[in-house]
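When you number the sequence shown by numbering that gives the first Met the number 0, it's gap-free, plus one each residue, and the end is 266.
Virtual Cβ for every residue (Gly too), placed ideally from N, Cα, C.
To keep things clear, I will list the structure first and then write my remarks on it.
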Amino acid sequence: MSRLQRVLFPLFLAVLCLNIVAAQHSREIRKTEPLKADGRLFIDTYKGSVEITCWDKPQVEIVARIEADDMSRYAEEKVEDTDVRIETSGSTLRIKSDYKHVRNRGGSFWDIFDGESSSLPFVHYQITMPRTARLEIKDYKSELEVSGLRSDVRIETYKGTAEIHNLEGSLQLDTYKGEVQVEFIDLKGRSSVETYKGTIDLRVPRNKGFDVDAELGRSARFDSDFDIEQPSRGRKSRDRDFRSSVNGGGPVIYMKSSKGTIRLAER
């Protein structure tokens, strides 16, 4: 074993042990709630992951795993104090990662310096919902994945990542600097995607007719597999505002970015 290996191997074992112990500080919540086929599911979360699949049942199956993010002396207590709030109001089902009691946990001033007041637990969701219900997700930095939705979806994330597969509906997307990939089966209704300095990849059926309405800043990048005419940039202003029809036109895709990248690809 080389000198470098002798140094790195103990570090590897230490990290592995920390991950194993962190996994032990976890708990799981399971619940099933009714939701009509034309209802609305709203998810408000901070960090972790959200995996959504769809079915034809008028109900939502929820599995939430709360998991420690650190090895502080309060790690287990933080997991126990983190809650998942599930509420129904009219035709809307709301699911929220609730850290209220974690934030209010007592501690001394010196805890700030040993990391005891940081690192909220992860909340990992596995959710199955009616495929024709509307979906809305408000997130900070989670990993999001949605598959098989035949309705409208709205996602707001600060620096999370998202993958949306086989979407048949409209998309409202707002991200600061995350990476998002969206694959449409069909476009229905007006879609809007905005990013400050993130990356958004949209895949649309090759023969689908739609309109593009774009507001792109001087540092934004736009790439397209479709034949979209873009105005040349002037000397005084490098911003690009343009509209274009693809395959005869249809539902509008509004795109806005200051410094990010938006790609429009054929599916």
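(request) On a CA-only basis, which of Gly-208, Tyr-157, Ser-88, Ser-257 is nearest Pro-250? Give me that one, please. (result) Gly-208
(request) Give the DSSP-derived three-state secondary structure of Ala-63 in the structure shown. (result) strand
(message) Quick check on Thr-31: buried or exposed, where buried means 16 or more other Cβ atoms within 10 Å of its Cβ?
(response) exposed
(request) Could you tell me which residues DSSP pairs with Met-254 in its beta bridges? (result) Val-192, Ala-213
(message) Could you tell me the alpha carbon to alpha carbon distance between Phe-221 and Glu-76, rounded to whole angstroms?
(response) Those two C-alpha atoms are separated by around 47 Å.
(request) Could you spell out where the alpha helix (DSSP H) holding Glu-317 opens and where it closes? (result) This structure cannot speak to residue 317, because the chain is shown only from 0 to 266.
(message) Taking 8 Å as the threshold (C-beta atoms), are Asn-165 and Ile-184 in contact?
(response) yes
(message) Let me confirm a value: His-24 is counted as buried when at least 16 other C-beta atoms fall within 10 Å, else exposed. Which label applies?
(response) buried
(request) For the beta strand (DSSP E) holding Ser-146, just list the boundary residues, first then last. (result) Segment 142-146, the beta strand (DSSP E) holding Ser-146.
(request) Count the C-beta pairs between the segment 65-76 and the segment 87-95 that are closer than 8 Å, then say yes if the count reaches three, no if not. (result) no
(request) Please confirm if Asp-82 has its CB atom under 8 Å from at least one CB of chain B. (result) This model lacks chain B altogether; it includes just one protein chain.
(message) Quick check on DSSP: helix, strand or coil for His-164?
(response) Looking at His-164 - three-state DSSP - the assignment turns out to be strand.
(request) Could you tell me if Pro-33 is buried or exposed, where buried requires 16 or more neighbouring beta carbons within 10 angstroms of its beta carbon? (result) exposed
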